[in-house]
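**Student:** There's a structure below that I have some questions on.
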Amino acid sequence: MFGLGTIGVPVLLWLRYKIRSPGVLLVGILLFWHVPVYIPPFGSGQGDSPGFLFVFVWAPIYLVGYALLAGGEYWLRHRNISVLPSAM
């Protein structure tokens, strides 16, 4: 269930609705939790099991972040504001 929430939601939003910002957050989360494992103060340097643990333990917080980013991206895409000011 946590795997579906942590990884499946951003992939679904990207593929079905073309909302990319949660996918970018997912990549950032995965890089953040899998790279420090190889640094001696954070991990033993022998595997990435702590990375998987932290990805799944914080899944509810990630889902809130995904929802906020997806909502913000949806809102920004559907605003009716021109980029260039019109000449009067």
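The sequence shown stops at residue 105 when you use our numbering, and every number in between is there. Glycine is no exception: its CB is placed at the ideal position from the N, C-alpha and C atoms.
(1) Roughly how many angstroms separate the alpha carbons of ASN97 and LEU70, rounded to a whole number?
(2) Is VAL52 helix, strand or coil by DSSP?
(3) Report yes if the CB atom of GLY40 is closer than 9 Å to the CB atom of PRO77, and no otherwise.
(4) What does the Cβ neighbour count give for TRP92, buried or exposed, with the cut at 16 atoms within 10 Å?
**Tutor:** The relevant details are as follows:
(1) Taking the first residue of the sequence shown as position 1, residue 97 is located at position 80. Taking the first residue of the sequence shown as position 1, residue 70 is located at position 53. Cα to Cα, ASN97 sits roughly 42 Å from LEU70.
(2) Walking along the sequence shown from the start, residue 52 turns up at place 35. If DSSP states are grouped into helix, strand and coil, VAL52 belongs with coil.
(3) Numbered from its first residue, the sequence shown carries residue 40 at position 23. Numbered from its first residue, the sequence shown carries residue 77 at position 60. Contact flag unset, no.
(4) Counted from its first residue, the sequence shown places residue 92 at position 75. TRP92 comes out exposed.
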